[in-house]
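Undergrad: If you read the protein sequences in the order shown, they are chains A and B. Numbering-wise (our numbering), the first sequence opens with residue -10 and increments by one. Numbering-wise (our numbering), the second sequence opens with residue 1119 and increments by one. Ideal Cβ placement from N, Cα and C applies to all residues, glycine included. Okay, here's the structure, questions in a sec.
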Amino acid sequence: MRALLIRDIRLAVRAGGGFGLALAFFLIVVVLVPFAVGPQPDVLGEIAAGVLWLGALLACLLSLDRIFALDHEDGSLDLLATAPVPMEGVVAVKALAHWLTTGLPLVLAAPVLGVLLHLPEPGFVWLTVSLAVGTPALSVIGCFGAALTVGLKRGGLLLSLIVLPLYVPVLIFGAEVARRGVEGFAVGTPLALLGGLAAGAVALLPFASAAAIRINLR
Amino acid sequence: MSLWEYANPVKFMATSGRILPAFAVAAAVVTLAGVAWGFFATPEDYKQGATVKIIFLHVPAAMMAINAWAMMLVCSLIWVVRRHHVSALAAKAAAPVGVAMTLIALFTGAVWGQPMWGTWWAWDPRLTSFLILFLFYLGYMALWAAIDDPDTAADLTSVLCLVGSVFAILSRYAVNFWNQGLHQGASVLRAGAVTGADTEEKVSNVYAVPLFVSMAGFVLLFIALVLLRTRTEIRARRIKALEARARMADA
Chain A
-10 MRALLIRDIR LAVRAGGGFG LALAFFLIVV VLVPFAVGPQ PDVLGEIAAG
40 VLWLGALLAC LLSLDRIFAL DHEDGSLDLL ATAPVPMEGV VAVKALAHWL
90 TTGLPLVLAA PVLGVLLHLP EPGFVWLTVS LAVGTPALSV IGCFGAALTV
140 GLKRGGLLLS LIVLPLYVPV LIFGAEVARR GVEGFAVGTP LALLGGLAAG
190 AVALLPFASA AAIRINLR
Chain B
1119 MSLWEYANPV KFMATSGRIL PAFAVAAAVV TLAGVAWGFF ATPEDYKQGA
1169 TVKIIFLHVP AAMMAINAWA MMLVCSLIWV VRRHHVSALA AKAAAPVGVA
1219 MTLIALFTGA VWGQPMWGTW WAWDPRLTSF LILFLFYLGY MALWAAIDDP
1269 DTAADLTSVL CLVGSVFAIL SRYAVNFWNQ GLHQGASVLR AGAVTGADTE
1319 EKVSNVYAVP LFVSMAGFVL LFIALVLLRT RTEIRARRIK ALEARARMAD
1369 A
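Pasting the structure below:
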C-alpha cells in the first residue's frame, strides 16, 4: 500500500498537468473574483471565506477524473484489482494520494490567497482549519464519483453532476466554520459536524467506491 | 403467494397488465375529485385568500417527490441484494416521475410564494433541500443514460442511490443548520395533530379532508405511472434481447 501511495504521488507530480494545475486553477478563480464583484476591500473581505471554499472545491473537482481514468486506460487498474491488497485499500490510498497532491496544497495556499481577497484577520486560522478538516472528505467523495464513472468515455461532466450535490453538506459546514471564524463567533458546533462528516466519509465511502470499481471492471 | 413472485417478468407483466387500468382510472378519479373539491368546494382562507388552494397540488407533489426517492432506494436495495431485474427497472422508471413531482412542488411553491412571501424564491431549508433533491435525481438519471450495459448501469445507479440517500438526508439537516426558514413546519400529518394530543397550529379540517383525497390520488397516480413505465422498460429490454438474438441468427 505504501508502494502504491508513493507511485501515485510520483505519477501525480511528474506526469504533466496534474499537480500544479489544481493550484493554478484555484489562483485564477481567486484572481477573477475581484474583476467580477469589484475591488472594494470590505465587499471582498465579506465574501472571501466563501469564495476560497468554493474555489478549493472546484479545484478539487478538476483533478478527480485522473484518479482512476489513467490507470483504467493502461490496464493497471486490472492489476491492482488482482493484487493482494483489497480494493477498498487501493481506493483509500488513491484518495489519500489525491488529497496529498491536491487538497493539502490548497489548504496551504488558501491563507496566502486570503490576503489577496482581504480576508479579515481572525478568519485565517479557522479558514485553514476548516479546509484542512474538510478537504479529505472532498477527496474521498470525489473518489467515489470517479469510481462510478471510470468506465465511461466522456465521464467528466457527468462526474461533476454526480459529485457536486454530494459536496453540499461539506461545503455548508466548512464555509460556516470559516464564516463564524471571520466574525469571531464560536466555531465548535460546525467544526464538530464537519469533522464528523469527514470522518464518516473517510471511513465508509471507500467501501462504496470499491464496489463501484469492481462493477466497472466486471 | 409472495411478493418475490413478481421478480419473474412474465408474472409481473401479467399481473401489472391486469391491475394497471384499474389504478389508472382510480388515479384519475381520485386526483380530479380531490383537486376539484379543493379548488371549488373549499372556502377562501381569511389571510391567504384563494392562494391557499395551491396546497392541493403542492403538498401531494412534494410528498410523492420524497416517496419516489424512497421507493427507488428500496428497489435499488432489492436489486443489490437479490438481483431481480424488475426491481432495477422499477427504480429506473420511478426517477422521471419523481423529477416531475419535484418540479411541480418547486413551481407551485414559487407561484404561492410570490403573493404570500413577496418572493419567488428564498434560500429556505425546505426549498433548498428540494432543489438539492432535484440535482440528485438529475445525476441519477444521467448515470442511467450514460452507461450502455444494462446490468452495469443498474449496479452503479443502485450504489449511487444508496450513497445519495445518505447524503440527501445529511444535506437536509445541513441546510437546516445553515439558514432559518420561511416555510411553515409540518402541519398536516403529525401524530399529535391527528390524535388531538397537541394544540399547535395545524391545517383546518375544511382543507385537510380534500387534501387527503388529493394525496391519495397522487399516490395512485404515482403507482399507475411507475407500473406503466416499468412495463415499457421491460418491453424495451425484451426488444433488445430479440434484436440480439436476430443478429446472432444472421451471423
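Rounded to whole angstroms, what is the Cα-Cα separation between N1294(B) and V1128(B)?
TA: If you take the alpha carbons of N1294(B) and V1128(B), they lie about 46 Å apart.
Undergrad: Give the C-beta separation of L206(A) and A126(A) to the nearest angstrom, bearing in mind that I take them to be a contact with Cβ-Cβ under 8 Å.
TA: With 8 Å as the limit, L206(A) and A126(A) do not qualify as a contact, their Cβ atoms being about 26 Å apart.
Undergrad: Decide if K142(A) is buried, meaning its Cβ has at least 16 other Cβ atoms within 10 Å, or exposed.
TA: Exposed, by the Cβ-count rule.
Undergrad: With a CB to CB cut of under 8 Å and the five nearest residues on each side skipped, what residues in its chain are close to A1251(B)?
TA: It is worth fixing the name first, because residue 1251(B) is Leu in this sequence and not Ala. Around L1251(B): A1183, I1184, W1187, T1220 and A1286.
Undergrad: Check the C-beta distance from V1204(B) over to A1125(B) and give it rounded, since I have them as a contact under 8 Å.
TA: That pair is a contact at about 6 Å.
Undergrad: List the residues of chain B that P195(A) touches, going by C-beta distances under 8 Å, in chain order.
TA: Residues of chain B passing the Cβ test: none, with the nearest at roughly 12 Å.
Undergrad: Using beta carbons (cut-off 9 Å, strictly below), is F162(A) in contact with chain B?
TA: So, interface residue.
Undergrad: Starting from the beta carbon of I151(A), find every residue of chain B whose beta carbon is closer than 7 Å, and list them in chain order.
TA: Those are G1257, L1261 and L1278, listed as they occur along chain B.
Undergrad: Name, going along the chain, the residues of the region 111 to 133 of chain A whose beta-carbon falls closer than 7 Å to a beta-carbon of chain B.
TA: Correct list: F133.
Undergrad: Who are the Cβ neighbours of T1169(B) in its own chain at under 7 Å, not counting the five residues just before and after it?
TA: Taken in chain order, the residues that qualify are W1230, P1233 and M1234.
Undergrad: Ordered along the chain, which non-local residues of its own chain (more than five positions away) have a Cβ less than 7 Å from that of A1208(B)?
TA: Excluding positions up to five away in sequence, the list reads C1193, V1344 and T1348.
Undergrad: Between the Cα of M1335(B) and those of I1137(B), A1159(B) and L1175(B), spot the shortest distance and give me the residue it belongs to.
TA: With the sequence shown as reference, residue 1335(B) is identified as Gly, and Met is not the correct amino acid for it. The shortest Cα separation from G1335(B) among I1137(B), A1159(B) and L1175(B) belongs to L1175(B).
Undergrad: For a test of the three-state rule: what should DSSP assign to D63(A), helix, strand or coil?
TA: DSSP places D63(A) in coil when its eight states are reduced to three.
Undergrad: Evaluate the contact criterion for the region 48 to 62 of chain A versus the region 168 to 183 of chain A: three or more CB pairs, one atom per stretch, below 8 Å.
TA: Counting Cβ pairs under 8 Å, fewer than three are found: no touch.
Undergrad: Alpha carbons only, please: which of V1153(B), S1120(B), R1136(B) and D1269(B) is nearest the one belonging to V1331(B)?
TA: It is V1153(B).
Undergrad: Thinking C-alpha only, which one of I(-5)(A), L46(A), R(-9)(A) and A81(A) is nearest A200(A)?
TA: Answer by Cα proximity: A81(A).
Undergrad: Measuring only the C-alpha atoms, how far is A197(A) from P75(A)?
TA: Between A197(A) and P75(A), the C-alpha separation is close to 13 Å.
Undergrad: What are the boundary residues of the alpha helix (DSSP H) that E1351(B) is part of?
TA: Note, E1351(B): alpha helix (DSSP H), N1323 to D1368.
Undergrad: Go through its chain and collect everything with a Cβ distance to P30(A)'s Cβ below 8 Å, but skip five positions before and after it.
TA: Taken in chain order, the residues that qualify are H107.
Undergrad: Chain A beta carbons: is any one of them nearer than 9 Å to that of D1368(B)?
TA: Output row for D1368(B): interface = no.
Undergrad: Please work out which residues of its chain come closer than 7 Å, Cβ to Cβ, to L148(A), disregarding the five sequence neighbours upstream and downstream, and give them in chain order.
TA: L53, D54, G134, A135 and T138.
Undergrad: When burial is assigned at 16 or more other CB atoms within 10 Å of the CB, is L46(A) buried or exposed?
TA: Looking at its Cβ environment, which holds 16 or more other Cβ atoms inside 10 Å, L46(A) is buried.
Undergrad: Going along chain A in order, which residues have a C-beta closer than 9 Å to the C-beta of T1270(B)?
TA: The answer, in chain order, is G140, I204, N205 and R207.
Undergrad: L1329(B) touches chain A at which residues, Cβ-Cβ below 7 Å?
TA: Per Cβ cutoff of 7 Å: no residues; L1329(B) is ~30 Å from chain A at best.
Undergrad: Can you pull the chain D residues whose beta carbon is under 9 Å from the beta carbon of A1223(B), in chain order?
TA: Absence of chain D from the displayed structure is noted, the protein chains being A and B.
Undergrad: Shorter than 9 Å from the beta carbon of A1264(B) to some beta carbon of chain A?
TA: Judged by the 9 Å Cβ criterion, A1264(B) is in contact with chain A.
Undergrad: Please tell me whether A1311(B) has its Cβ less than 9 Å away from any Cβ of chain A.
TA: Because the pLDDT of A1311(B) is 49, which lies under 50, any placement of that residue in the model is unreliable, and the question is left without a value.
Undergrad: Using the beta-carbon of each residue, which ones in chain B are nearer than 7 Å to P158(A)?
TA: What P158(A) touches in chain B: F1285, L1288, S1289 and A1292.
Undergrad: So which residues on chain B does A200(A) lean against when the C-beta distance must stay under 7 Å?
TA: Near A200(A) (Cβ distances below 7 Å), the residues of chain B are V1277.
Undergrad: Assuming L1274(B) and I1265(B) form a contact by the criterion Cβ under 8 Å, report the distance between their Cβ atoms to the nearest whole angstrom.
TA: The Cβ separation is near 6 Å, so the contact holds.
Undergrad: Of the choices I(-2)(A), G27(A), A84(A) and A48(A), whose alpha-carbon is the least far from that of P195(A)?
TA: Residue A84(A) is the option with its Cα nearest to P195(A).
Undergrad: Is the separation between the beta-carbon of A1211(B) and that of L1339(B) shorter than 9 Å?
TA: Not a contact, by the Cβ cut-off of 9 Å.
Undergrad: Using a Cβ-Cβ cut-off of less than 8 Å, list which residues of the region 1119 to 1138 of chain B approach chain A; keep chain order.
TA: Those residues of the region 1119 to 1138 of chain B that come within reach of chain A (Cβ to Cβ, closer than 8 Å) do not exist; the list is empty.
Undergrad: Whose CA, out of R(-4)(A), A188(A) and A192(A), lies closest to the CA of L89(A)?
TA: If we check each option's Cα against that of L89(A), R(-4)(A) comes out closest.
Undergrad: In three-state DSSP terms, what is G1167(B)?
TA: Strand, per DSSP.
Undergrad: Beta-carbon within less than 8 Å of R203(A)'s beta-carbon, same chain only, minus the 5 sequence neighbours each way: which residues are those?
TA: Excluding residues within five positions, the ones whose Cβ falls inside 8 Å are A70 and M76.
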